[in-house]
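**Q** I'd like to ask some things about the structure below.
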Amino acid sequence: MNERDRRILDVIRSLREGEVVSYGDIAEDAGYPGLSRRVGHLLASTDDDLPWWRVVNSAGRLVPGNEREQTALLKEEGVTVADGRVRAARFGRFSRPAARPRPPAAPSHP
2 MNERDRRILD VIRSLREGEV VSYGDIAEDA GYPGLSRRVG HLLASTDDDL
52 PWWRVVNSAG RLVPGNEREQ TALLKEEGVT VADGRVRAAR FGRFSRPAAR
102 PRPPAAPSHP
């Protein structure tokens, strides 16, 4: 295995529970922006025990053919999945920022 592939696999292995990222995010974090297809190929072809379910396309779409299993695994980690897409994750590209406090109400004038 070459250095590029090792680095990509290391990034995938480092994904935390509840973290969901895109193939492109993995490639970029490994130092190889633009190689998202290579990430997908590695995930599909390696026998390593990788958290594959935490990687989706840039629109949040799940892996074709594995949607049920991926949905179940993501939901176990607290990720919101609907209509074959990640809607909200605890960490990563699809995480939602903490709710912003509302500004105080304007004083009412009698």
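The numbers in the working numbering rise by one with no breaks, and the one at position 6 of the sequence shown is 7.
Don't be surprised by glycine CBs; every beta carbon is placed ideally from N, CA and C.
Between residue 43 and residue 11, is the Cβ-Cβ spacing less than 7 Å?
**A** no
**Q** Where does the unbroken beta strand (DSSP E) through residue 18 begin, and where does it stop?
**A** Residue 18: not part of any beta strand (DSSP E); DSSP gives it neither H nor E.
**Q** If residue 60 and residue 86 are in contact, beta carbons under 8 Å, what's the gap, nearest whole angstrom?
**A** 7 Å
**Q** Return the first residue and the last residue of the beta strand (DSSP E) that residue 124 is part of.
**A** In the structure as shown, the chain starts at 2 and stops at 111, and residue 124 therefore has no counterpart that could be examined.
**Q** Mapping DSSP to helix, strand and coil, what is residue 90?
**A** strand
**Q** Is the stretch 70–82 touching the stretch 19–28, taking contact as three or more C-beta pairs under 8 Å?
**A** yes
**Q** Nearest to residue 30 by alpha carbon, out of 49, 50, 38 and 9?
**A** 9
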